[in-house]
Structures are given as structure tokens and as C-alpha cells.
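Input: a single structure, listed below in C-alpha cells.
Residue numbers (the working numbering), protein chains in the order written: chain A, 1 to 237; chain B, 238 to 474; chain C, 475 to 711.
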């Protein structure tokens, strides 16, 4: 059995939902973990929700076929107080003391395998206010569907090019670290938007990237550690 | 001529609109009454708005072909203060002192006849908070389109079954009455949703039902007495 | 270069957007001016934003092909504080100090010519609260798509006729001027709605019209002088 505040486990589902509708949930002895890749193989999420964030965590370790959409549906009808999540005879029972949602989980073997986390040298990084990053991605997306993410010195620049027009915004890094190399890569707006929304309440996010390399966002949502990695688009398409 | 607060006559129209777009309105010597059945013959409404709820009520008794949608439209543009409703030369004139809405009523003979109110033994009943009932119906409808309404002892249970999942909620009756028999019937979510919305502000509602029998909701909206009756769905479909 | 509060230049664009997606913007020595006709030749706008409304106004006089939709898009992502608008090497650069929006203007020769402002005798006029006018146009439009605008004595009457129903509202003129002639003309609801929205925050508007003649709305938005003129619909269609 797991007992946890509704909004904490909802935040866990929201991060996953930014990329995947279903995934393999690993119940460890003291952590819930998911590593998953989206259908198009463009983006990856890695998330850990630790035992310390639970009021109770006595569930047997194992693997669960997690239907993220159904989990969200179950949690959406629950009150914001603590909810219990229990595995019973092959089912998962969510309850907040008022509503009871009995759910048949997916067969894990029908879900994509967990990918191996790539180790990748991303030479430049900045630390940015999560809300400002989110609002910028939302604002600049009006004229195009690809975003250039550049880091130079202590500055992150986000820009979008339309047919004739160009929008850009510079944001100063909060850690003051001077990056030795200037880098820039191009990403799909849709992926940046979905992930930005999931990170919005995380205070600050650390953004790592390179020249025509993936971008990785590391963030912490009230003790839940997570990261998104997104592959670049080819500039010329 | 009738003079009444806009929100009272709007509430009257809202209850009707939950089931029918048009109906036969009976203007009695000291009451407005409608008894009407929806097009699919699944649900019935019976409502009385008494003279005491009006500031003036000097309209001649008679029958009016009521276009509920148009009445709503007329009332929606009026201020929330008192509105006058007057029959003049075959027309109905709504006015709040600013806007004047002149409406040609329907010919009552083109509208379905008033049904006879069935007398029906519904052995079990509970008294439930109207808002909690409304919120529950709205919440549990996410996974299916049929709702099981059960009464057992002092408890109402509402549940919906999806393809694999099940949501249920128990609500304790406010009158503490112990029901001698346990009953359950299945109803269309759509009818429960529409009627729940119309009853939301009524404080408490009394729910009567039986085993595979209709359900009846009795409620009072600020002095306006009304009831909805809904026929059950066959469990096996 | 022009420097102006974002909301002032946005209001300028909103007035234009009520009728045209693009127009010829005249930058005069101490004013921005547009006179433009909508695609259907039904309505005209004439607007002046004076140097006094700017924090700086050092832009060279000339004509600019103004893409109103793109200007709105650029201004929408800016903060509400001052924005600078600069012509640089054939481009227009908008900036609020955070976002930079670089825009390629339209070729003015591809845009409809500026019309000559007709001088027209409109014998009757009233002065009306802009918000009340807006709310009335919005409310009465529910039953039809043509609005009759009548002036008689000191009163403006707005009315819409549906298939069977009729809505009307009288509004007293604020200037107390008794009009010698009673006039009435019929107009498309859509034009009245769009222009009413653009005038809503202007305090009062002066409405001039005649018998089956155009209507002209004169208004002032925080120092920006503008007028809309709309041609009547033939009553019999």
C-alpha cells in the first residue's frame, strides 16, 4: 500500500503525461521510478518519487503496466488530501476515503521496454526560472513550430523564426556560470511546450545542451527528481 | 401580468430545460405548473411556481405553448431585478424596464400532451446534499455512460463501470432513516447529469428508488417545488 | 523610433482590427494615421494617434504596409510597459526590453488605396455610454443578424427582429439635444458588434445617422481620436 498526498502523485503523473500515455512503473524498495521514451523516439523522461514523499510506502517491489491517462482520471476525482493506492488481486485500488476507483493495470510486457539512459556530454548549461522559461516558450511559439535554444556566456537565448518574422528573448542564468563554448540547437516547439508545462512549478530548472545536440532539463518538484531529454531537429528541414 | 425576480423565473426555465425544449405551461389561478415528458419518453418533470414567489400575479388562467429556449433567451438579456411577463394580443412581452422582448408563443396543440403522473411504489429513499450529489455524478461519469444508483440501509451508493475500471462513492443519508430493503437500478448518465445540474442549488434532494425501478428526485428551489422522474436502463444492455 | 505604452498602441491596432487585417499606415510628422475600408466596402475607419500619446516620436514620416494581425501578435507578447518600434533596414523591430520581435512589413502598393473620406449629412445624433451601447448590441443580437438603429427626440432605439420575436432597447442621449427629425436605418449585426467591441472603453460615443443612411461613430480612446462609418443594409432584403 502507498499513501501520499493527491497533488504529489498527480505531479508525478503530469510529468509522465507530458511524453507518454503509458509506461512501465518500477516500484522499488524505497522509490517509484519511470524511465520512458515517447512514441516518436524524440524525448525521454526519467523520474523518481522517493519513499520520503509518501505518508506510507509498504507496497511490494515490482513492475506495473501504468496507464498514465487512467491514473490521472482516478486522481482527478479524488480530494487533494492523502490518497491510498493498493494492489489487490491484480487490480489497483485508488481511494481518498470518499471515492473508490478500481483499475485494471496494463500488462507490462505490452509496453515499450525501458530505454538505457544515455550518457552524453552536453558542454553548456544555465539555471533558469521555471515559470519564466514556460511563459517564454508559450509566447514565442505563435509564429513557428521550431525553437532555437542557444547558450552563450551566461545567457540563454530562445528564438523562433516565422516565414518573415523573428521573435527572440534572452534570459540570464541564475548561477552566474560563464560557459566556455557558445552552443545552439533547434527543437520542436511541441515537445518544449509539453515539458515546460510539466516543469512550471519546479522553481528553477537546469538546462544542459550542446551544438546540434539534445537538450536536458533537470528539475525537482517538491522532492521529486526528474529530467527530460529531447533530441534536436535538423536545422535545414 | 406576472412580475417576478428574473432569477426565480430563470430557475423555473432551467428545470424544464433539463428535459424539454418546449412544453405546455398551465397558468392556474395561483400557480404556474408544467408536467412534461422528454422526447425519448425516459424522463418526466413536474414543477410548480406558486403565486407567493411573484411580486404580482394577475395573469388570466390558461394554457401557453412554452418555447423554453426562447424564454431563456429573453430572460438572459434581462437584469436580475424584477421582470414583467404579459400576454398581449396573442404575444408574450418580457420586460425589465430596459429591454423589451416580444415573443410569439407556440401553439399548445402542436406540443406533446401533458402526461398523467404515475403513482409508483418506490420503497427506498435517502436525503442527500444537492451539491455533493451533483459533483459526484459529474466526477464518476468519466469512465462510462450508465450509473448504478443503489440504496442500502442509510447509504446511497453511486457507481459507474468502464471497460475495465470501476468508480464508486457512498453518501450517507441526512435523515438517518434505515431502509428496510436494499435496491439498485441503472440509469443513463446524460439524464442524471442534466437533472443534477438543475437541482444543484436546491440544498437537499430526496431520492426515491426501487429495484430496477425509476428514480424520483424531489427538490425545492427557493419555494418552487419540483420533481424529476427517470426510467431505469435494462442492466444487461 | 517610436516609444509608447504597449496598451496605447495595442488599442490603436484593436480599432483597425475591427475592420481590416492590413492597411496603409501613414507616419506623419506628429501623428500616426490610418483611413481604411473593409474588404466588402461596407465600413470605414479613420484614426489618429498623436505624438502627445508617445514617450518618443522621432520616426521619419512615410507610409508603411501594416499587417495588423502581426502587429497585434508582436504586441501581445510584450509587457504592458513602454515598447519601442523602430524601422531598420526595411524591417520593423518591436521591443519591450525583454522580447524582440523583428517583422518584415507588407509592400504598401499591394494594399488597397486609402479612400477619400466622404462628407455626408447625417441629420440626427446622440451621445451614448460606450459600455452600455456595447452590451446592448451584444445582448440583442441573439435572435437576428440585422439591427435597426433609430433616433427620435433625445432617444436612441436599438432593435432586432427574429423570425417571430422582437427585442428592443431605448437609451437616452447624454447631451439632452432634441433631434428635429426621426430617423432609422438597418445595419449588419456583425459590423456593429466588431466596432462596438473596439469602442467599449472610450467612455462615450457620439452616434450620427439619417434615414436609410450610414451611421458614424465618433469616439476618443485616451487621446486617440477615431471614427467608424458603416453603410446601411437595404431594409427589404
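Don't be surprised by glycine CBs; every beta carbon is placed ideally from N, CA and C.
Just so we're clear, the structure is a prediction, and the values are computed from it rather than from any experiment.
Please identify the residue among the options whose C-alpha is closest to the C-alpha of residue i.
i	options	result
residue 439/B	423/B, 453/B, 390/B and 457/B	457/B
residue 398/B	388/B, 337/B and 426/B	426/B
residue 2/A	39/A, 194/A, 52/A and 40/A	52/A
residue 291/B	468/B, 460/B, 465/B and 464/B	460/B
residue 163/A	550/C, 580/C, 479/C and 523/C	580/C
residue 209/A	123/A, 156/A and 130/A	123/A
residue 506/C	482/C, 495/C and 514/C	482/C
residue 391/B	375/B, 417/B, 406/B and 403/B	417/B
residue 444/B	301/B, 389/B and 402/B	389/B
residue 455/B	448/B, 467/B and 449/B	467/B
residue 515/C	602/C, 591/C and 652/C	591/C
residue 196/A	212/A, 121/A, 136/A and 175/A	136/A
residue 587/C	510/C, 667/C, 702/C and 665/C	510/C
residue 127/A	227/A, 174/A and 192/A	174/A
residue 413/B	287/B, 271/B and 362/B	362/B
residue 358/B	415/B, 465/B, 243/B and 453/B	453/B
Let's test the definition: count the other Cβ atoms within 10 Å of the Cβ of residue i and tell me whether it reaches 16, buried, or not, exposed.
i	result
residue 352/B	exposed
residue 325/B	exposed
residue 260/B	buried
residue 489/C	buried
residue 475/B	What the structure shows of chain B is the stretch from 238 to 474, and residue 475/B is not part of that stretch, so it cannot be assessed.
residue 451/B	buried
residue 295/B	exposed
residue 110/A	exposed
residue 550/C	exposed
residue 250/B	buried
residue 474/B	For residue 474/B, the pLDDT reaches just 46, beneath the cut-off of 50, and the residue's location in the model is therefore unreliable, leaving the point undetermined.
residue 571/C	exposed
residue 449/B	exposed
residue 643/C	buried
residue 678/C	buried
Can you pull the chain A residues whose beta carbon is under 8 Å from the beta carbon of residue i, in chain order?
i	result
residue 551/C	139, 140, 142 and 167
residue 401/B	103 and 104
residue 562/C	Under the 8 Å cutoff, chain A gives no residues; its nearest Cβ is about 12 Å from residue 562/C.
If you drop the 5 nearest sequence neighbours on each side, which residues of the same chain put their C-beta closer than 8 Å to that of residue i?
i	result
residue 184/B	Nothing about residue 184/B can be reported from this structure: the residues present for chain B run from 238 to 474 only.
residue 254/B	305, 306, 309 and 435
residue 430/B	374, 375 and 378
Leaving aside the five residues before and after residue i along the sequence, list all residues of the same chain whose C-beta is less than 6 Å from its C-beta, in chain order.
i	result
residue 567/C	560 and 576
residue 19/A	38, 43 and 45
residue 81/A	none
residue 462/B	285
residue 248/B	458
residue 345/B	261, 300 and 302
residue 593/C	none
residue 624/C	631 and 658
Looking only at its own chain, which residues have a Cβ that is under 7 Å from the Cβ of residue i, when we skip the five neighbours before and after it?
i	result
residue 61/A	27, 28 and 29
residue 74/A	94, 101 and 103
residue 200/A	130, 131 and 134
residue 241/B	290, 291, 292, 319 and 320
residue 646/C	628 and 629
residue 165/A	143
residue 99/A	77 and 78
residue 191/A	42, 43 and 230
residue 91/A	102, 103 and 104
residue 404/B	377, 380, 396 and 397
residue 21/A	68 and 69
For residue i, go through chain B and note every residue whose CB falls closer than 7 Å to its CB, in chain order.
i	result
residue 70/A	402
Whose Cβ in chain C lies nearer than 9 Å to the Cβ of residue i?
i	result
residue 243/B	Those do not exist, as residue 243/B stays about 13 Å from chain C at its closest Cβ, beyond 9 Å.
Residue i versus chain C: which residues are under 7 Å apart at the beta carbon?
i	result
residue 370/B	In chain order: nothing, as chain C lies at least about 32 Å away.
Who are the neighbours of residue i on chain C, taking C-beta pairs under 8 Å?
i	result
residue 321/B	In chain order: nothing, as chain C lies at least about 15 Å away.
Which residues in chain A have a C-beta closer than 7 Å to the C-beta of residue i? List them in chain order.
i	result
residue 572/C	169
Fully enclosed by the segment 140-177 of chain A, which beta strand (DSSP E) runs are 3 residues long or longer? 146-153, 155-161 and 166-172
4 or more residues per run - each alpha helix (DSSP H) lying fully within the segment 14-87 of chain A: 68-76
Margin query: Give the list of continuous alpha helix (DSSP H) stretches no shorter than 4 residues that lie fully inside the segment 677-706 of chain C.
Written below: none
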